[in-house]
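Report on one structure; see the data block that follows.
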Amino acid sequence: MKNNVLTVMKKECRRIFNDRNLFFTTVLLPGLIMFVMYWFMGNFMGDLFSVDEEYIYQVHAVNMPSSVAGLLSADELGMDIHNISYDQIDEIKQQISDRETDLLIIFPANFDELVATFDPHTATSPAPNIELWHNFTRTESNEANGIVMAILNSYHHALTHRFTINLPTDDYGGNFNLATDADMFGMIIGIVVPMLFILMIFTGAQALAPESIAGEKERGTLGSILVTPARRRDIALGKILGISVFALMSGAVSMFGALFGMLSMMGMESGGGIFEFYTFTDIALLLLVTLSTTLVFVSVLSLLSAYAKSVKQATGYSMPIMIIVMIVALGGMFFGGVPDGIALFFVPVLNSSLSITAIFSFDVNVINILTAVATNLAIATLVTFLMARLFNSERIVFDK
Amino acid sequence: MKEILDVKNLSKTFKLSKKQQKLKRLDKPILTAVDNVSFKSYEGEVFGLLGPNGAGKTTIMRMIATLINPISGDAIVDGFSIKKDPREVRRRIGFLTNELKLDDFFTPNYLFEYFADLHGLSKSTMAVRKEELFATFGINDFAEVKVANLSQGMRQKASLAISIVHNPNIIIFDEPTNGLDVITSKVVVDFLVRLKKEGKNIILSTHIFGLLENLCDRVGIIIDGKMVACDTIAAVIAEKTLEEIFFDLYAQTTKEAI
């Protein structure tokens, strides 16, 4: 007897490849949506929350002390400081509220002298207070507030503790962040992508399994296969592998769509960067995790589809599973990194989420990830065995 | 004569939902579909099962085809038990029923090759069978058209060809003309006649008296899951027509006047 697993698998693949609409909506469209969504978010939100480099912030100050005036007048800050009197405060506040100007700073009179004589250990009166008025909904106002706040904070520390913290210098500007592009990319991808990726694989499987199993049952074509001498186990495995090929393709296309879209969103235009960040081992582990996760989803959804009387019912059965998958995959985001212990890598879905997070955020523990893969493969094998048993049940073929 | 099929005390019950129990007016939520049925069929024979709708014919056919399991009894098909060796039984039978259909998304050509693969045929054997059967049924004209786009007659021809792709020795037909138009029914009947001439063993369930009288060597009459008569067709219709015999038995068994 030739290999019936391959025969059944090839038929499943042919079925999907030949149906252009199904192939497009199941495999290509999710990835395209991911890419467009993140690309759009990157471009649109980037424009929305960034200030033109040439922009000059309009800053109004009352009682501007000479010490702070010196710090704020640096050319690279791009601030136009207007000294105003107490009488103009309300008018400027209104202008800020009306989004016509950016920032109002109110210093107490004789600020430099007050600060010089103020001793936080012996003082009986409150420290001199500076008020910063801005409009959060105006990007320029928000940005100006952030810059001035940072400078004042640094100045505050310098005066109190007699040393400076990250004051802008000629060498470093204001950026003392030593994280590389890879770290930044890994951190963001590690948080967002695992859940999305898992969901995309699930939805790919969800689109195909009910059609392949319950659909065949509904159309009366499953019985035609079951009356051949092909082993039930081979039929079940062939179907699961055939669907998995497309769920994997769907997941892979979705993930690359998300990755390239995110690169665009983060302003990292070079797509090749992804492959510079990760090693061959990372990519091999990612493929293993993806494959084993796909097999778990496809086998479980196929089992449910075999129980269902129709495609509609099978899709209905899969919805609670989808919610569970979402919650568990989302749960992986709340560990504040990847736990060191092995226990959570035995929990399906969560183990995939944590493994993918670990790979993307350069925190790989090979034993943990291989444990997750082995767990997933064991579950998929068990479910495939159950499905083969189910194909022996008359209820599966004739219960409509 | 060699026994090709030996059905021994075959029984089958189905669990019913409360709604089904109420509709069938039964005391227990269990329906006895087949009740201790036994019969034999010999090499080269056409065995006909006759009975009204719901009598249990289809259930018997499905049990012989190993699609469902009996609760008791057994059937030996060409020397193999449906309970112990279902795969060997499936290797030896072709099963055709209107309930088992061909996938709309594929062409007859592809499906023929697909089922040939599942039956373990070599490429060369499959090619020979395809040429022979496609020519017999005139399938070549629509071999590359998706099943969804075929007429009912074309579909039936494709189904017939595919059901015997592996050249089985025993062919089971469960109400093969049910729901078919006259033209398509003729395709099926001609096919049955052809198989009989080829010396194939046929198990046929139908409620078309004429078909049974003309084609069958042996007939069994099933009413309410029980085999109420079983003999050669010559013996059964010695005094009355098959139709008269059937309605007499039906009235006696069900106490319903026709």
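Sequence order for the protein chains is A and B. Sequence positions in the first sequence follow the numbering used here and run 1 to 400. Sequence positions in the second sequence follow the numbering used here and run 1001 to 1258. By construction, the Cβ of each residue, glycine as well, lies at the ideal position given by its N, Cα and C atoms. Keep in mind it's a predicted model, so treat the numbers as computed, not measured.
Could you tell me the boundaries of the alpha helix (DSSP H) in which residue i lies?
i: ILE96 (chain A); result: 89 to 97
i: ALA372 (chain A); result: 366 to 391
i: ASP282 (chain A); result: 280 to 307
i: ASN4 (chain A); result: 4 to 18
i: LEU1211 (chain B); result: 1209 to 1215
i: ILE312 (chain A); result: One detail in the question is off: residue 312 (chain A) reads as Lys in this sequence, not Ile. From DSSP, the alpha helix (DSSP H) with LYS312 (chain A) extends over 311 to 331.
i: ASP1190 (chain B); result: 1182 to 1197
i: GLU1132 (chain B); result: 1123 to 1137
i: ILE359 (chain A); result: 350 to 360
i: ASP1248 (chain B); result: 1242 to 1254
i: LEU71 (chain A); result: 66 to 72
i: PRO1108 (chain B); result: 1108 to 1118
i: ILE1064 (chain B); result: 1057 to 1064
Pull up the DSSP beta-bridge partners for residue i, would you.
i: SER1041 (chain B); result: B:LEU1005
i: ARG219 (chain A); result: Partner(s): none; ARG219 (chain A) has no beta bridge.
i: LEU1050 (chain B); result: B:THR1206 and B:ILE1221
i: PHE1080 (chain B); result: B:VAL1077
i: LEU104 (chain A); result: A:HIS60 and A:TRP133
i: ILE1172 (chain B); result: B:PHE1095 and B:ILE1203
i: LYS1015 (chain B); result: B:ILE1030
i: LEU226 (chain A); result: Answer by DSSP bridge pairing: none, since LEU226 (chain A) is not bridged.
i: LEU1010 (chain B); result: B:VAL1037
Say whether chain A places a C-beta atom closer than 9 Å to the C-beta of residue i.
i: THR1232 (chain B); result: no
i: ASN1069 (chain B); result: yes
i: THR1066 (chain B); result: yes
i: GLU1003 (chain B); result: no
i: GLN1020 (chain B); result: no
i: ASP1104 (chain B); result: yes
i: PHE1247 (chain B); result: no
i: PHE1142 (chain B); result: no
i: ILE1183 (chain B); result: no
i: PHE1112 (chain B); result: no
i: PHE1095 (chain B); result: yes
i: GLU1213 (chain B); result: no
i: PHE1162 (chain B); result: Position check: residue 1162 (chain B) holds Ile in this sequence, whereas Phe was assumed. Yes, ILE1162 (chain B) lies at the interface with chain A (some Cβ there is under 9 Å from its Cβ).
i: THR1254 (chain B); result: no
Shorter than 9 Å from the beta carbon of residue i to some beta carbon of chain B?
i: ARG219 (chain A); result: yes
i: LYS11 (chain A); result: yes
i: ASN430 (chain A); result: The requested residue 430 (chain A) does not occur in the structure, where chain A is confined to residues 1 to 400.
i: ALA230 (chain A); result: yes
i: VAL8 (chain A); result: yes
i: ARG15 (chain A); result: yes
i: ASN175 (chain A); result: Reliability fails at ASN175 (chain A), whose pLDDT of 46 lies under 50, so the model's placement of it is uncertain and the value that follows must be treated cautiously. Not an interface residue.
i: ASN21 (chain A); result: no
i: GLU54 (chain A); result: no
i: GLU216 (chain A); result: yes
i: GLU405 (chain A); result: Only positions 1 to 400 of chain A appear in this structure, which leaves residue 405 (chain A) out of reach.
i: ASN365 (chain A); result: no
Could you give the first and the last residue of the continuous beta strand (DSSP E) run that contains residue i?
i: THR1097 (chain B); result: 1093 to 1097
i: CYS1230 (chain B); result: 1226 to 1232
i: TYR57 (chain A); result: 57 to 62
i: SER1163 (chain B); result: Segment 1152 to 1163 is the alpha helix (DSSP H) holding SER1163 (chain B); no beta strand (DSSP E) there.
i: SER1205 (chain B); result: 1201 to 1206
i: ASN83 (chain A); result: 79 to 84
i: GLY1220 (chain B); result: 1218 to 1223
i: ALA1075 (chain B); result: 1072 to 1077
If distances are taken between C-alpha atoms only, which option among the options comes closest to residue i?
i: ARG1218 (chain B); options: B:LEU1050, B:VAL1165 and B:ASN1109; result: B:LEU1050
i: GLY1048 (chain B); options: B:GLY1225, B:PRO1029, B:ASN1069 and B:ASN1214; result: B:ASN1214
i: LEU132 (chain A); options: A:LEU382, A:ILE327 and A:ILE96; result: A:ILE96
i: ARG99 (chain A); options: A:GLN58, A:LEU304 and A:GLN88; result: A:GLN58
i: ARG1033 (chain B); options: B:LEU1026, B:LYS1019 and B:GLY1054; result: Residue 1033 (chain B) is actually Ala in this sequence, not Arg. For ALA1033 (chain B), the nearest C-alpha among the options comes from B:GLY1054.
i: GLU1200 (chain B); options: B:GLY1056, B:LEU1096, B:GLU1003 and B:ILE1171; result: Before going further, note that residue 1200 (chain B) is Lys rather than Glu in the sequence given. For LYS1200 (chain B), the nearest C-alpha among the options comes from B:ILE1171.
i: ASN403 (chain A); options: B:THR1206, B:LEU1133, B:LEU1195 and B:TYR1114; result: The displayed coordinates of chain A run from 1 to 400. Any statement about residue 403 (chain A) would go beyond what the structure contains.
i: ALA1158 (chain B); options: B:ASN1169, B:GLU1131 and B:VAL1182; result: B:GLU1131
Cβ closer than 9 Å: which chain D residues qualify as neighbours of residue i?
i: PHE1115 (chain B); result: In the structure shown, chain D cannot be found, because the protein chains are A and B.
Given 8 Å as the limit, tell me if residue i has its C-beta closer than that to any heavy atom belonging to the ligand SAH.
i: ILE201 (chain A); result: You won't find the ligand SAH in this model; it holds no ligand whatsoever.
(message) Between the stretch 227 to 244 of chain A and the stretch 193 to 200 of chain A, can you find at least three pairs of beta-carbon atoms closer than 8 Å?
(response) no
(message) Counting beta carbon pairs with one atom in the stretch 1071 to 1090 of chain B and one in the stretch 1001 to 1021 of chain B, are three or more of them shorter than 8 Å?
(response) yes
(request) Report yes or no: do the stretch 1243 to 1257 of chain B and the stretch 1082 to 1100 of chain B share at least 3 C-beta pairs separated by less than 8 Å? (result) no
(message) Does the stretch 136 to 146 of chain A come into contact with the stretch 112 to 122 of chain A, if we say contact requires no fewer than three beta-carbon pairs (one atom in each stretch) closer than 8 Å?
(response) no
(message) Check whether the stretch 1130 to 1145 of chain B and the stretch 244 to 258 of chain A touch, using three or more Cβ-Cβ pairs below 8 Å as the test.
(response) no
(message) With three or more C-beta pairs closer than 8 Å as the rule, is the stretch 368 to 377 of chain A touching the stretch 291 to 308 of chain A?
(response) yes
(request) Tell me, please, whether the stretch 1159 to 1178 of chain B touches the stretch 1111 to 1129 of chain B by the rule of three or more beta-carbon pairs shorter than 8 Å. (result) yes
(request) Count the C-beta pairs between the stretch 210 to 220 of chain A and the stretch 299 to 316 of chain A that are closer than 8 Å, then say yes if the count reaches three, no if not. (result) yes
(request) Inspect the CB distances between the stretch 386 to 394 of chain A and the stretch 226 to 241 of chain A and report whether three or more fall short of 8 Å. (result) yes
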